[in-house]
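Asks: I have a structure I would like to understand better, so I am pasting it below and will then ask my questions one at a time.
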Amino acid sequence: MAQFDDTAKRRIRFLTRRGLLELDILLQRFMQQGFEQLSDAELAVFVEILDLPDQEFLALVNQKQTDCREEFKPLLAKIRNA
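FYI, the numbering for the sequence shown is 135 to 216, going by the numbering used here.
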């Protein structure tokens, strides 16, 4: 399992800057409220989610698309609830 040090967390923070304003707003709230509480396992999943194209990511967060990997669902819920 990967361990995320401060440098890795700064890189993840940079990756949350997206091309869609809606995602930027959602992720900004999540980063302020929930990011620091994520475990290394959750951070690994978060990085995978951030690799998704913006439209797909937004559809998953807004529950317009429900077919995603099982390990994404708890973290998407945390993002949604932030």
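C-beta: ideal position from N, C-alpha, C; glycine also.
Because the structure is a prediction, the values reported are computed rather than measured.
In the structure shown, what three-state DSSP assignment does Lys198 receive?
Replies: The answer is coil: DSSP assigns Lys198 none of H, G, I, E or B.
Asks: By the three-class DSSP mapping on this structure, what secondary structure does Pro208 have?
Replies: Here Pro208 sits in helix by DSSP.
Asks: Report yes if the CB atom of Leu210 is closer than 8 Å to the CB atom of Leu186, and no otherwise.
Replies: Cβ atoms of Leu210 and Leu186: not closer than 8 Å.
Asks: Taking buried to mean at least 16 other C-beta atoms within 10 Å of its own C-beta, is Phe180 buried or exposed?
Replies: Label assigned to Phe180: buried.
Asks: Mark Ile159 as exposed unless 16 or more other C-beta atoms lie within 10 angstroms of its C-beta, in which case mark it buried.
Replies: By the neighbour-count rule (16 or more Cβ atoms within 10 Å), Ile159 is not buried but exposed.
Asks: What residues in its chain sit with their C-beta under 7 Å from that of Glu176, if we drop five residues either side in the sequence?
Replies: Here the set comprises Leu209.
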